[in-house]
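These notes are about the structure you will find just below.
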Amino acid sequence: MQLDEFNAKISEVSHLFPRHWNVTCGTTVNHFPFVHMVIDNFFTDEEFNEIKKHEHDVSSSEVKIAHSLMRKNGEIKSDIFDKGFLKAIDEAYFPALQSILGVLSAKKTQYYEFSDFHLISTGPNYKHQIHDDIPKKLLSVVVYINPESNNGTFIHDGRYNETPVGEVEWKQNRAFIFSRLDRATWHSYAANEKDKRYCVIYNLNTDKSFKAHWAEGNVLKFLEKRIKNE
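This is the structure:
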């Protein structure tokens, strides 16, 4: 997708976006092909402060995750938030995120079944391996929460190339959004070795991973992976 086309398609659905959003579309990260969006001021101040209160205390290389789930049938489960807070989050942001998924990967929208809303606290020396997300993740959304300065999300040109080709830089209350493509959306993250790193992971998901994987359109890669897993 060319940037002009991307901007035009996002403009068509922007009436569904919260007014406080500051949206930037991108088709590359440091000249490397990677279609994504960056949204500053993703949460309202009130929402951001509520989320910020729940950061875990973690050791140097530790990771702690507080899990929440919101299904399209209205079911809500959470380790940490009350249902009212998550219901309000879902009502405020799901229509916009669903419309973004429709732009990034329209064929996947029919498979949506539930949203994750996880709080991830990692220690200063924690590093997460290079990955391209699993097929059940239709739309991947990470929102940087705390501290004021840290590493963002590193973009890679292959699974085993540890030197990143670029970075979606850290800024508090900034969301990095993309729809995974098999072997094309490699990324990783790590804290800055000084500070803890605290984020929200807000993904749109499916239980129909097989169909979502097929919907990505690269049939040869899809079949190759299925054969290897048999």
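Sequential numbering of the sequence shown, starting at 699, is according to my numbering. By construction, the Cβ of each residue, glycine as well, lies at the ideal position given by its N, Cα and C atoms. In this text the structure is predicted, and so the values were computed from the model without any measurement.
- Taking all protein chains in view, the Cβ of R857 is surrounded by fewer than 16 other Cβ atoms within 10 Å, so the residue is classified as exposed.
- The Cβ atoms of W884 and I828 lie closer than 8 angstroms to each other.
- The three-state reading of DSSP puts A764 in strand, counting E and B together.
- Around the beta carbon of S847, fewer than 16 other beta carbons lie within 10 angstroms, which makes this residue exposed.
- DSSP, reduced to helix, strand and coil, places K775 within a strand of the structure shown.
- A Cβ-Cβ distance of about 4 angstroms is found for the pair F852 and P862, placing them in contact under the 8 angstroms criterion.
- Taking the CA atoms as reference points, D905 sits about 34 angstroms from N728.
- Take I787, set aside five residues on each side of it, and no residue of its chain has a beta-carbon closer than 6 angstroms to its own.
- DSSP places F876 within a strand segment (E or B) once states are collapsed to three.
- For I832, no beta strand (DSSP E) run applies, since DSSP gives it neither H nor E.
- Around the beta carbon of N903, a 10 Å sphere encloses 16 or more other beta carbons of the protein chains shown; the residue is thus reported as buried.
- In the structure shown, P731 falls within a strand segment according to DSSP collapsed to helix, strand and coil.
- Taking I798 as the centre and dropping the five residues before and after it, the same chain places the C-beta of I708, V711, M735, L837, I875 closer than 8 angstroms to its C-beta, in chain order.
- Only buried fits S766, as 16 or more other CB atoms lie within 10 angstroms of its CB.
- Shortest Cα-Cα distance from P845 to any of Y824, N871, D830 involves N871.
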